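Using the working numbering, you'd call the opening residue of the sequence shown number 42 and step up by one each time. The next block holds one structure in the form of structure tokens; read it before the comments.
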Amino acid sequence: MPELSSQDDSCAVLEREDHHGSGKLTRRASADAALALHAPSFGRRHRGPRRAVTEMIVGTPIEQQPSFKADFQHAASETYLITQLSFKLLSYLGVGYRWVCKLMALGLYALFLMPGFIQIGWYYFTSPCVHRSIVYGDQPRNRCFFRSTLKICCQQRFALSRLDLYLPENLDKPMPAVAFVTGGAWIIGYKAWGSLLAKRLVERDVIVACIDYRNFPQGTISDMVEDVGNALSFFCNNIASFGGDPNKLFLAGQSAGAHLSSCALIIQAKKQKLNGRSRVMWTPSQFKMFFGISGGYNLLELVDHFHQRGLYKSIFLSVMEGEESLPRFSPELVVKRKDFQPWMHLLPPAMLFHGTADYSIPYHATVRFADSLRAAGVKVTTKLFPHKTHTDLFLQDPMRGGRDELLEHIVALIYEGEDAPESVVSEQLVPEILLQLARLVSPF
Numbered sequence: 042m043p044e045l046s047s048q049d050d051s052c053a054v055l056e057r058e059d060h061h062g063s064g065k066l067t068r069r070a071s072a073d074a075a076l077a078l079h080a081p082s083f084g085r086r087h088r089g090p091r092r093a094v095t096e097m098i099v100g101t102p103i104e105q106q107p108s109f110k111a112d113f114q115h116a117a118s119e120t121y122l123i124t125q126l127s128f129k130l131l132s133y134l135g136v137g138y139r140w141v142c143k144l145m146a147l148g149l150y151a152l153f154l155m156p157g158f159i160q161i162g163w164y165y166f167t168s169p170c171v172h173r174s175i176v177y178g179d180q181p182r183n184r185c186f187f188r189s190t191l192k193i194c195c196q197q198r199f200a201l202s203r204l205d206l207y208l209p210e211n212l213d214k215p216m217p218a219v220a221f222v223t224g225g226a227w228i229i230g231y232k233a234w235g236s237l238l239a240k241r242l243v244e245r246d247v248i249v250a251c252i253d254y255r256n257f258p259q260g261t262i263s264d265m266v267e268d269v270g271n272a273l274s275f276f277c278n279n280i281a282s283f284g285g286d287p288n289k290l291f292l293a294g295q296s297a298g299a300h301l302s303s304c305a306l307i308i309q310a311k312k313q314k315l316n317g318r319s320r321v322m323w324t325p326s327q328f329k330m331f332f333g334i335s336g337g338y339n340l341l342e343l344v345d346h347f348h349q350r351g352l353y354k355s356i357f358l359s360v361m362e363g364e365e366s367l368p369r370f371s372p373e374l375v376v377k378r379k380d381f382q383p384w385m386h387l388l389p390p391a392m393l394f395h396g397t398a399d400y401s402i403p404y405h406a407t408v409r410f411a412d413s414l415r416a417a418g419v420k421v422t423t424k425l426f427p428h429k430t431h432t433d434l435f436l437q438d439p440m441r442g443g444r445d446e447l448l449e450h451i452v453a454l455i456y457e458g459e460d461a462p463e464s465v466v467s468e469q470l471v472p473e474i475l476l477q478l479a480r481l482v483s484p485f
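The following block contains the structure:
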């Protein structure tokens, strides 16, 4: 295939294939071309079999794949970055009894769920449905410049903002698409955390984009919201190229991701009202619905709660750019303001989920946010899951296999008013005894 250097070149290549092929341009070919155009640069390539997982270069043939040297440099740079940021984070946290206990609990929690993590990791790295690290912006999610004995340097090309794209195998028609923002306490969020939910949705013919964003201490709250906004702009303006239906777009966020998603929606609604529709890259109304899963929407109410749970107030305020910024990044408080009322109608309907046994973020946070949205005229529905914890809905229940209530609700709303694909029975990934032990020691 000739090299793709621009969107026009992409169309030309597809037209040539169309002329010599079946006479019909497939959505899969269009999606492949879009992947080639938006994938990151990793230096020199060599020709070889096409990889299932996407790590490709703008302006480089889609069949080409990274060299071993480029992959090694990328892995080394990210390992160095994570180590560097971990030490910087520890300088904020200190090494106290509470954090040592939390760290030990997290280790046990991960150990008990390891059978599931291994299977999901295998899917993430080998499935032809998963296209990793599609570039959506130029902010340094993973920027680092260092020298070592190996003389490896992480260049700007490794620092582009990215998302993972999950495409159903059959793209014979435009598919509903979900932009998903993962959680992680604004500190350990990563796009791969959404792979389990994405896998389940892809099995039901839903395209999923899992968004990465800068975490603390690499960035603070305004950086995170900016990254999410840029990713949503890319999603809204490009998802049709990947086989998505622009009339069936949904936004979902879990925990900190639910908070960041709602902040991005509110900020964009304000921009649209002030600047006009023609002067913004995307609008909140492009989304048919917002799914908020176990989110916290009033930071003033949560700061002391987080402190008691181990996310110390000094750290939290550093993440949120000081106490004076808490009201500005508290969606529950923003929608109550009189000056925000003129653009409330721009927000999409919301479906908010929460477990009543959630100790990380109490379910009252969702109830109060729903009340505020409802009072402001936004259509909102809540679903509370009795006796479910912060991680039950997102991890333990999906790993248990069988019926997944949260997934069923989301799929039903995505396909509301039309025939949904045949339900797929999810396999059990972790034995029940290990799930119960993980729930017992969970630090979340």
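We put the CB at the ideal spot given by N, CA and C, even for glycine. Quick caveat: nothing in here was measured; it's all calculated off a predicted structure.
Residue range of the alpha helix (DSSP H) that residue i falls in?
{"i": "residue 357", "result": "354-360"}
{"i": "residue 326", "result": "Where residue 326 is concerned, there is no enclosing alpha helix (DSSP H), given that its DSSP letter is neither H nor E."}
{"i": "residue 450", "result": "446-455"}
{"i": "residue 410", "result": "405-416"}
{"i": "residue 167", "result": "155-167"}
{"i": "residue 482", "result": "473-482"}
{"i": "residue 268", "result": "262-279"}
{"i": "residue 345", "result": "340-350"}
According to DSSP, is residue i helix, strand or coil?
{"i": "residue 377", "result": "coil"}
{"i": "residue 372", "result": "helix"}
{"i": "residue 397", "result": "coil"}
{"i": "residue 206", "result": "strand"}
{"i": "residue 466", "result": "coil"}
{"i": "residue 420", "result": "coil"}
{"i": "residue 308", "result": "helix"}
{"i": "residue 104", "result": "For residue 104, the predicted structure reports a pLDDT of 35, less than 50, and the residue's modelled location is therefore unreliable. A value from the coordinates is still provided. Three-state result, residue 104: coil."}
{"i": "residue 245", "result": "coil"}
{"i": "residue 150", "result": "helix"}
{"i": "residue 60", "result": "Caution applies to residue 60, whose pLDDT of 40 falls short of 50 and renders its modelled position unreliable; the model cannot decide the point."}
{"i": "residue 198", "result": "Because residue 198 sits at a pLDDT of 37, beneath the cut-off of 50, its placement in the model cannot be relied upon, and the following sentence gives the value as read from the coordinates. Reduced to three states, the DSSP call for residue 198 is helix."}
{"i": "residue 485", "result": "coil"}
Considering only the beta carbon of each residue, do residue i and residue j sit closer than 8 Å?
{"i": "residue 277", "j": "residue 323", "result": "yes"}
{"i": "residue 470", "j": "residue 156", "result": "yes"}
{"i": "residue 454", "j": "residue 434", "result": "no"}
{"i": "residue 335", "j": "residue 395", "result": "yes"}
{"i": "residue 331", "j": "residue 347", "result": "no"}
{"i": "residue 375", "j": "residue 414", "result": "no"}
{"i": "residue 384", "j": "residue 311", "result": "yes"}
{"i": "residue 391", "j": "residue 408", "result": "no"}
{"i": "residue 484", "j": "residue 146", "result": "yes"}
{"i": "residue 360", "j": "residue 261", "result": "yes"}
{"i": "residue 204", "j": "residue 253", "result": "yes"}
{"i": "residue 172", "j": "residue 206", "result": "yes"}
{"i": "residue 202", "j": "residue 286", "result": "no"}
{"i": "residue 314", "j": "residue 387", "result": "yes"}
{"i": "residue 362", "j": "residue 263", "result": "yes"}
{"i": "residue 338", "j": "residue 371", "result": "yes"}
{"i": "residue 249", "j": "residue 304", "result": "no"}
{"i": "residue 245", "j": "residue 462", "result": "yes"}
{"i": "residue 221", "j": "residue 293", "result": "yes"}
{"i": "residue 284", "j": "residue 352", "result": "no"}
{"i": "residue 290", "j": "residue 218", "result": "yes"}
{"i": "residue 153", "j": "residue 436", "result": "no"}
{"i": "residue 416", "j": "residue 393", "result": "no"}
{"i": "residue 224", "j": "residue 298", "result": "yes"}
{"i": "residue 301", "j": "residue 340", "result": "no"}
{"i": "residue 439", "j": "residue 467", "result": "yes"}
{"i": "residue 343", "j": "residue 402", "result": "yes"}
Beta strand (DSSP E) containing residue i: first to last residue?
{"i": "residue 222", "result": "216-222"}
Going by DSSP, name the residue or residues bridged to residue i.
{"i": "residue 289", "result": "For residue 289, which the question treats as bridged, DSSP gives no partner whatsoever."}
{"i": "residue 334", "result": "295 and 394"}
{"i": "residue 252", "result": "204 and 222"}
{"i": "residue 443", "result": "467"}
{"i": "residue 426", "result": "396"}
{"i": "residue 172", "result": "206"}
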